[in-house]
Structure formats: C-alpha cells, structure tokens
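A.B. asks: Using the numbering used here, the letters of the sequence shown correspond one by one to residues 40 to 525. Glycine included, C-beta positions come from ideal geometry on N, C-alpha and C. Can you keep this structure in mind? I'll have questions shortly.
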Amino acid sequence: MDWFARIRGRRKTAVQHRLAQVFLTNTLSGNKELFVSQKPKTALLYSCGPTVYNRAHIGNLRAYVFSDTLARTLAAAGYHVRRVINITDVGHLVGDGDRGEDKMSVGAAREHTTPEAIALRYAKLFIEDIDELNIDTNDILFPRATDYIKEQIALAKTLEEKGFAYRLSDGLYFDTQKFPGYGKLGGLSGVKLEAGARVEVVRGKHHPSDFVLWRTAKPEDLQQWDSPWGRGNPGWHIECSAMIRALLGQEIDIHTGGEDHVSVHHNNEIAQSEAANGRTFVHYWMHSAFLTMNGEKASKSLGNVIYLSDILEKGFHPLALRYFFLQAHYRTPLSFSWDALAGAASALDRLWKLSREISQESKSVGVPSEARERFLATVRDDLATPQALGVLWDSLRSEEYAPEEKWGLLEDAEAHFGLALRTPPPLPGALAEADIPEEVRKRVARREAARASSDFEEADRIRREIEKSGYRVEDSSGGPVLTKRP
Ligand code: AMP
Ligand code: ZN
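Structure (structure tokens):
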C-alpha cells in the first residue's frame, strides 16, 4: 500500500518506560495544555504535506522542521511516535479554494509531462531535502493522495448518506451549516461567512463556506476516476481526512500545519472527519508561523522563495538552516536573510567545536545534571527552542559543569534538535594522514601522550610547536584533527 516503503526500510523508535510531561499550545483552545495521548505511550502525529507540483521552499521546510522537533520531543519524553506526512498529488487548486487551475496540471503543463511524473519528481526532492535537514524519513509514512482515491470516495459517500453533502452540476459539496460548530478552530465560528467568502464563489452553493468533496471532471482533466457522482477527482481537504482515517485511525493526537491552514483547510478537515466518524478528530492542533522574506510571506506565487539547494550552493551546511529555524519559536514569524543564516552557521560551527572538545574530555560519557533538567523542562514547555539553545550555550561555556555533565546535555540537545551535536561533521580542510609530514605526525602523537597523562602544560606547548610549523590541531570525538593554518 505504501509506495515509499517500497523504496526505503522502516525502523522502530526506542520507547522509554516513564513518560515525561510535555506542554503544547493547542490552536483549538488557544492555550498551552499538558499533552495526554489517547493510547498509552503512543503519539499519533499527522502533518499536512507538500503539494508536489513544484519544489518545496525553505518556508515549507520550516513547517517540517517544526513537526520534527515536536516528534523528537515526544520521543525523548517516552512516546512511540507514529508519523504521517501526506503527499498531495491531486485535487489542490491554485488559491486553495474550489475555483481556479489545478496545481498538478499547472506543473505538468510547465514541464511538458504528466501529473504523475511531476509528483514523483517533486516528492523525491522533498524527501531528499528533509533528509538533508536530519529529519528521519524512515520513521515517517508518506502516503500519496492518488493511492487513497477509494478511501476518499468512501468518506464522501458516508457524508452524503449522513446528509452532510449535496450535489451540484460540478460536484459534491459539504454542507457546512449542517455541521454544528463549523469553524471552531482558531475561534472562527462567528466569522465563518467572511472566511468562506474570501475563498471562492461557486454558483448554487448553499453557503459560501461550503466546499467541494468530489469535483466532476472536465474532459481535459488529466486526473480522473469513476465515482458514485460520475468521473472526477477529489477535493483537496478530503485527502487528509481519508488518509488519517486509513493510516492512523478515526481519532488522533496531534495534527500540524502552517498557520495558513487554520481557517479553511483544517476547519474543513474537522467538519468532514467529525461528521463522518461521529467523534473527536484531533485532540491537539498545532500551527507554525511563516517564514518571511523582506517582510512578505515566502510563497511560490509571490516568486520570492529560496530553496535548500540555493543554500547548499552557497556552501552552507544544511543543518545551518535547521539551527536558524530553531533560533525562533515555532509560533513566531521568522524573517530570512543571508546574514542571519551566516550567523546561524557560525554559531553551529562553534557548537560543533565545543562538542569535539567535550567529547574528548568526557570520553563521550554522559551523566545527569541540573543543566540537563533545565534544558528538558525548557524544550518541553511548548518547544521553547530559542530558550533551550540559551540553556545549552550557557551550560557548555560554564565552569560549573564537569565534561561528563556537558556531554550528557549534548546528548539531550541532539535528541531534540537534530543538529549532529554528538557526531559533528569533520572539520573543513581536515588533512588525510598521508598529507601530514612525518615530523608533525610525531608531535601530534607526543601531544596525545601528554594529554593522556594529564600533562596539559606539555600538551599546550606541543600544540604551539605544531602551529609554528604551519598546522593547527583540534580535538574531535574521533581523535586529533589536523588542518593547514590559513
Ligand atoms: P503547500 O505545499 O503550499 O501545501 O505547503 C506545505 C506546508 O508549508 C504547509 O504546512 C504550509 O502551511 C507551509 N508553508 C507554506 N508557506 C510557508 C511559509 N512561507 N512559511 C512557513 N510555512 C509555510
Ligand atoms: Zn491537510
């Protein structure tokens, strides 16, 4: 069933025995709440995925680093996290409403190929991008909407049978007035008319917020299937409701997405799922704020987007972008600039340098400490990553903690941040054994011996000798690393 599983293996996450408390801001209540899962020790997490008619930009990637930080935090708190990110490869119209061009057709026309080829190309690039950002894609299911047409039809049929849908010549529509509390997410109930009216105007709709469940095909439509309502294709919202029900069940713990999805897409998902299943759909709704470029939302349609590949081409490490995202709280808009990214990259380099040193000093043995407790309490308080980074920096620089306590903190920080803190990449310019002159190699060995016998004065003296001969030695978890001095 799962096309991605055919390409990649799957691995189970380790489960701790005691659960730690995690607090999360729930868009449904507008409050920070203690997270309590429906099933013991299991967290069911769904994130709205990309529409694969184009490459995901770094604004989109922010939404997935956020949901990954959430998943990591829950896993470190002891939950087995089951994750799904859908791949939208049908039904999403430009503008998100029920009118306008189909995004997959736009992509196919642009590249003179089929929607299937476009979907495959951009789904692959998306998964590669999030892999680069250290998101463990083996732990996530990536269902494609076109693989769940049957389930989407079944859900729409149930809604029609239960009296929540009506037919128009161009498709089957959800009747939002039949669903009490429509628009409850984000406190929109009072303004639902306005919210709906902004989206589109389709002739014959009972209410402006009604939305399409199944769209009647036009002869030129590249994607169409048989259904009880004739040939056609599914509306955009129904895919998430149907795939969640098929893969995670009727009731899930957490649903995430960008803040743009609150008013329409997620309110529509709630209406469809709760009307069909007759029970609560999602217990915690979480939304990440936008990435902006010069004050404007980064978006494909505004043409002001940057891709991960642009960042790599400029020589940045992909995790510099992850560090940049973590410097802001997920609910705060974040403004991108190349200078800010360079700042994040240099901070991460310094963190990696500290990690190499601490790894040596502690022999990579971690022990509990008050710093670790503070770090965990901070990150478990609604993923306060900027403050948690502050705790990390202060504690690593402090004289108060032993190397083993610092290493323990780095282990926790790595589990939550995914910044390769335990296994920093090799220093740029590290020399291969064969490229180091014999006499320098001997000095390095003598320095290691001095360090092993805790003669740090002698070790320092030898380091200065090495520097005089034009080299620089740095300590890493894999031993001393030699680079040429600039
Ligand atoms: P899309 O491919 O447009 O459906 O978007 C995929 C995800 O990225 C959704 O969760 C959006 O809410 C989110 N998103 C889109 N644009 C931005 C942006 N500029 N900043 C942050 N998240 C965004
Ligand atoms: Zn969705």
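Please confirm if L393 has its CB atom under 9 Å from at least one CB of chain D.
C.D. replies: In the structure shown, chain D cannot be found, because there is only a single protein chain.
A.B. asks: For R270, which beta-bridge partners are listed by DSSP?
C.D. replies: Against the sequence shown, residue 270 aligns to sequence position 231. DSSP, once it has assigned bridges, lists no residue as partnering R270.
A.B. asks: Taking the alpha-carbon positions, what's the N333 to E200 distance?
C.D. replies: As a position in the sequence shown, residue 333 is number 294, starting the count at 1. As a position in the sequence shown, residue 200 is number 161, starting the count at 1. The straight-line gap separating the alpha-carbon atoms of N333 and E200 is approximately 49 Å.
A.B. asks: When you compare the segment 443-461 with the segment 384-394, are there three or more beta-carbon pairs, one atom per stretch, that lie closer than 8 Å?
C.D. replies: Yes, the segment 443-461 touches the segment 384-394.
A.B. asks: So, for A184: in the same chain, excluding its five sequence neighbours on each side, which residues have a beta-carbon less than 8 Å away from its beta-carbon?
C.D. replies: Here residue 184 refers to the residue found at position 145 when the sequence shown is read from its first residue. Same-chain partners within the cutoff: N125, I126, T127, D128, V129, G130, Q191, P273, E278, M282.
A.B. asks: By the 10 Å Cβ neighbour count, where 16 or more other Cβ atoms means buried, how is N177 classified, buried or exposed?
C.D. replies: On the sequence shown, residue 177 is found 138 positions in, with the first residue counted as 1. So N177 counts as exposed.
A.B. asks: Can you list, in chain order, every residue whose CB sits closer than 5 Å to a heavy atom of the ligand ZN?
C.D. replies: C87, C279
A.B. asks: How many angstroms separate the CA atom of V120 from the CA atom of T64?
C.D. replies: Position 81 of the sequence shown, counted from the first residue, corresponds to residue 120. Position 25 of the sequence shown, counted from the first residue, corresponds to residue 64. V120 and T64: Cα-Cα distance of roughly 18 Å.
A.B. asks: For V404, which of helix, strand or coil comes out of DSSP?
C.D. replies: Numbered from 1 along the sequence shown, position 365 holds the residue referred to as residue 404. The answer is coil: DSSP assigns V404 none of H, G, I, E or B.
A.B. asks: Can you give, in chain order, each stretch of the alpha helix (DSSP H) that sits fully within the segment 445-478 and has at least 4 residues?
C.D. replies: none
A.B. asks: Can you check DSSP and say which residues form a bridge with N70?
C.D. replies: Here residue 70 is taken as the residue at index 31 of the sequence shown, counted from 1. According to the DSSP secondary-structure assignment, N70 is paired through a beta bridge with N65.
A.B. asks: When you compare only the Cα positions, how much space is there between I293 and L341?
C.D. replies: Within the sequence shown, the letter at position 254 stands for residue 293. Within the sequence shown, the letter at position 302 stands for residue 341. I293 and L341 have their alpha carbons spaced roughly 30 Å apart.
A.B. asks: Among R500, R480, D494, which has the Cα closest to the Cα of T522?
C.D. replies: Along the sequence shown, read from residue 1 onward, the residue named residue 522 stands at position 483. With distances taken between Cα atoms, T522 lies closest to R480.
A.B. asks: At a threshold of 8 Å, does A314 count as lining the ligand AMP (C-beta to nearest heavy atom)?
C.D. replies: By 1-based counting over the sequence shown, the position of residue 314 is 275. Checking the Cβ of A314 against the ligand AMP gives no.
A.B. asks: Whole angstroms is fine: what's the gap from V600's alpha carbon to M143's?
C.D. replies: Here the chain has residues from 40 to 525 only, and residue 600 is not among them.
A.B. asks: Within 8 Å, do at least three Cβ pairs link the segment 293-306 to the segment 83-90?
C.D. replies: yes
A.B. asks: Which class does R411 belong to by DSSP, given the choice of helix, strand or coil?
C.D. replies: Within the sequence shown, numbered from 1, the residue matching residue 411 stands at position 372. Reduced to three states, the DSSP call for R411 is helix.
A.B. asks: Using 10 angstroms around the beta-carbon of G269, count the other beta-carbons present and answer buried if the total reaches 16, otherwise exposed.
C.D. replies: For the purposes of this step, residue 269 is taken as residue 230 along the sequence shown, with counting starting at 1. Exposed, by the Cβ-count rule.
A.B. asks: Should R524 go down as buried or exposed, given a rule of 16 or more other Cβ atoms within 10 Å for buried?
C.D. replies: In the sequence shown, the residue the question calls residue 524 occupies position 485. When all chains shown are included, R524 counts as exposed.
A.B. asks: Using 8 Å as the cut-off, classify the Cβ of K163 as near or not near the heavy atoms of the ligand AMP, replying yes or no.
C.D. replies: Taking the sequence shown and counting its residues from 1, the one referred to as residue 163 is at position 124. False, no ligand heavy atom lies under 8 Å from that Cβ.
A.B. asks: How many Å lie between A383 and A359 at the Cα?
C.D. replies: What you label residue 383 is simply residue 344 of the sequence shown in a count that begins at 1. What you label residue 359 is simply residue 320 of the sequence shown in a count that begins at 1. Taking the straight line joining both Cα atoms gives about 6 Å.
A.B. asks: In the DSSP output, which residue or residues are listed as bridge partners for F250?
C.D. replies: Along the sequence shown, read from residue 1 onward, the residue named residue 250 stands at position 211. F213.
A.B. asks: Less than 9 Å between the C-beta atoms of D209 and V145, yes or no?
C.D. replies: On the sequence shown, residue 209 is found 170 positions in, with the first residue counted as 1. On the sequence shown, residue 145 is found 106 positions in, with the first residue counted as 1. Not closer than 9 Å, so no.
A.B. asks: Could you pull the DSSP bridge partners for W264 from this structure?
C.D. replies: For the purposes of this step, residue 264 is taken as residue 225 along the sequence shown, with counting starting at 1. Paired residue(s): G271.
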